[in-house]
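Quick notes on the structure that follows.
Chains as they are written, first to last, in this note's numbering: chain L, 305 to 672; chain W, 305 to 672.
See the structure below:
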């Protein structure tokens, strides 16, 4: 998706990919095989780049600080978000609201938190992703194992009404000390299934909440001196206030609808920001729902059901990533724009079900 | 642009390009260097394809009939549109309206047409493009030279009010003899400068005219058994009726706005059609104006003015093709969506002027 955005602007891209069948390597002509977890690979790759940026956070943080080209967002920003404890500290230091939390490295510390808060959530400070590394009210036996793997972040269960996300793009700060250009998207309502983002609803959040979320994101981007995208995931409490739950400094799953629903996609604005080019309008052109296409347990490949999925609704925008459909793996997404969010969601899910071979949605699938 | 569309659907593409710096070769990983004007290159290329299609019409028509894979649109359809005389005959045979015309191979025949019609237009039957090969009221000396180059199509000057274009996508006809699925876009008003399309206005054409144009395009696609896209350029006469001027069987300049202004782009629908996949909705999401970025005489390269152009309007969608900016060469386009077509046009031209280094639109261009 980054490559598609770069093609339109004529920005030449080179991708560092671990394997020749990685998504970017399948669709772009200039690919270096190597790992962002290797300082050596990063340094070699950086020699041929003007600017280096990232679409994931599995990066050697010491190595990235040693490359020769511009790195945007900065190694410091990458380091802050790579560790949930440092991220929580940075959010607090920036004056943004977050849930109560403690760091823990022992079973005893977690027992103490449980005694204070009742139900708790325990998160690996490093390496979690898509609900992995998050444990709700874990047993002492699980905790005893977790403390051997990573420092832990412990929080009370937050009684939230819904989860929101907001993305802001930010250019480098000008040399004269002025404010950097930012462009912030409308916040979305994100619906999780099994701890993983399943559905994103754009155009649902009321104006007051949207403004509050946008202020938090903009403030964090400035205080953390982010260049590129900052995605902020938030809890909205029952009575309205927002708490920052997660940060990411890259194009984010909760912004994939921007490709089809906004004037400028998150990918294009990320590229513009890291290339220090003027940012594009973020306006939502229509209410929209994005649903992730996730591998299921029966081994079916959604790519085999493209025809019935396209037939399921003519308005649906299908994006497949060229990934094999392992269970729980995100292998694509579907966005539907419609005046009504419920209609958009119904259509998007119908198409996703067709991609999983549902006979109801796709009686003709066997033609494939 | 075809590659960008293919990436989303996960349709694997391979491009035949004459040079390694051709636009498609710059952005896609699977490129064969060769010429569509060579029967041998087409045959070799076809051996590795399931379906072959085209984004231009400079194709060896004998060679294309000998390749081993599916060719969509068919070699017969490519041949019809490659020659303006056969195209006019096919339009008439399909029952669609066209201007009066005669074939001519001599100065005398053209003098006779001039005597009948007054002002005439003489067109090379083969090899014209973007206004090249079209001669308004040519002198006898010019005519004497033209008849040595190609059979000629001679027509009276048509007193048209405006030029329109309409694009229809069509899948292969089903084996059971039923009707093939078609999807037709809203007609656009096309504005020519020096015989070349300069500006496309989408959302301007009244409903009755739109329906008439769409009927003509659909009827032609069916009668010519087009698979893929058919672009129909039309004259609208002062009193309303439409005459077919040109046909193209590929993604067309008058449909570039569909990338940003329609639910499904012409490129995606072309791919869907030639892959026999269900077509996407063609609905125009907003009035839109597309302006071509054309190389000018001062040798400036629009790519050098990307930053001031992006700054010129945040809503503008800029598409650069990776082409060197020779005079009169189309090297990109800009689309702006807005509720008002005049506002969209003003913004789009402002961005195009910034890409040509206008100081008014882009006082900061020297920062580049």
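Backbone N, C-alpha and C define an ideal beta-carbon position, used for all residues, glycine too. Predicted model, so just to flag it, every value in this text is computed and none were measured.
Whole-angstrom distance between residue j and residue i, CA atom to CA atom
i	j	result
residue 448 (chain L)	residue 377 (chain L)	35 Å
residue 505 (chain L)	residue 429 (chain W)	54 Å
residue 589 (chain L)	residue 618 (chain W)	14 Å
residue 310 (chain L)	residue 608 (chain W)	16 Å
residue 400 (chain W)	residue 392 (chain W)	10 Å
residue 613 (chain W)	residue 656 (chain W)	7 Å
residue 600 (chain L)	residue 388 (chain W)	54 Å
residue 394 (chain L)	residue 385 (chain L)	9 Å
residue 494 (chain L)	residue 616 (chain L)	24 Å
residue 405 (chain L)	residue 622 (chain W)	46 Å
residue 331 (chain L)	residue 606 (chain W)	26 Å
residue 610 (chain L)	residue 374 (chain L)	40 Å
residue 312 (chain W)	residue 329 (chain L)	14 Å
residue 308 (chain L)	residue 474 (chain L)	20 Å
residue 480 (chain L)	residue 578 (chain L)	18 Å
residue 339 (chain W)	residue 326 (chain W)	12 Å
residue 652 (chain W)	residue 638 (chain W)	6 Å
residue 521 (chain W)	residue 548 (chain W)	9 Å
residue 343 (chain L)	residue 334 (chain L)	20 Å
residue 347 (chain L)	residue 317 (chain L)	17 Å
residue 367 (chain W)	residue 431 (chain W)	17 Å
Short Cβ contact (8 Å threshold) for residue i with residue j
i	j	result
residue 403 (chain L)	residue 459 (chain L)	yes
residue 593 (chain W)	residue 658 (chain W)	no
residue 535 (chain L)	residue 595 (chain L)	no
residue 686 (chain W)	residue 381 (chain W)	Examination of residue 686 (chain W) is not possible in this model, given that chain W is present from 305 through 672 alone.
residue 383 (chain L)	residue 390 (chain L)	yes
residue 306 (chain W)	residue 555 (chain W)	yes
residue 660 (chain L)	residue 580 (chain L)	no
residue 492 (chain L)	residue 468 (chain L)	yes
residue 485 (chain L)	residue 583 (chain L)	yes
residue 424 (chain W)	residue 413 (chain W)	no
residue 585 (chain L)	residue 568 (chain L)	yes
residue 518 (chain W)	residue 465 (chain W)	no
Short CB-CB distance (under 8 Å) between residue i and chain W
i	result
residue 436 (chain L)	no
residue 545 (chain L)	no
residue 582 (chain L)	yes
residue 675 (chain L)	The question about residue 675 (chain L) has no answer, for chain L in this structure spans 305 to 672.
residue 567 (chain L)	yes
residue 382 (chain L)	no
residue 607 (chain L)	yes
residue 589 (chain L)	yes
residue 615 (chain L)	yes
residue 397 (chain L)	no
residue 466 (chain L)	no
residue 669 (chain L)	Reliability of the predicted coordinates at residue 669 (chain L) is poor, the pLDDT of 37 falling under 50, and the value obtained from them is presented with this limitation in mind. Cβ-Cβ to chain W under 8 Å: no for residue 669 (chain L).
residue 347 (chain L)	no
residue 576 (chain L)	yes
Any chain L beta carbon closer than 8 Å to residue i
i	result
residue 623 (chain W)	yes
residue 308 (chain W)	yes
residue 618 (chain W)	yes
residue 350 (chain W)	no
residue 662 (chain W)	no
residue 333 (chain W)	yes
residue 355 (chain W)	no
residue 559 (chain W)	no
residue 585 (chain W)	yes
residue 610 (chain W)	yes
residue 475 (chain W)	no
residue 659 (chain W)	no
Element boundaries [alpha helix (DSSP H), containing residue i]
i	result
residue 594 (chain L)	Run containing residue 594 (chain L): none in the alpha helix (DSSP H); it sits in the beta strand (DSSP E), 592 to 598.
residue 513 (chain L)	511 to 527
residue 645 (chain L)	645 to 659
residue 412 (chain L)	411 to 421
residue 350 (chain W)	343 to 350
Residue-chain proximity (residue i, chain B), Cβ-Cβ < 8 Å
i	result
residue 626 (chain W)	Of the protein chains in this structure, namely L and W, none is chain B.
Where the beta strand (DSSP E) containing residue i begins and where it ends
i	result
residue 497 (chain L)	492 to 497
residue 402 (chain W)	Element bounds for residue 402 (chain W): n/a, residue is neither H nor E.
residue 623 (chain L)	621 to 624
residue 505 (chain L)	500 to 506
residue 321 (chain L)	319 to 321
What are the start and end residues of each continuous beta strand (DSSP E) run of 3 or more residues lying completely inside the stretch 532 to 588 of chain W, in chain order? 532 to 541 and 546 to 552
To test your reading of the DSSP string, which unbroken beta strand (DSSP E) runs of 3 or more residues are found completely within the stretch 428 to 481 of chain W? 438 to 440, 456 to 460 and 464 to 474
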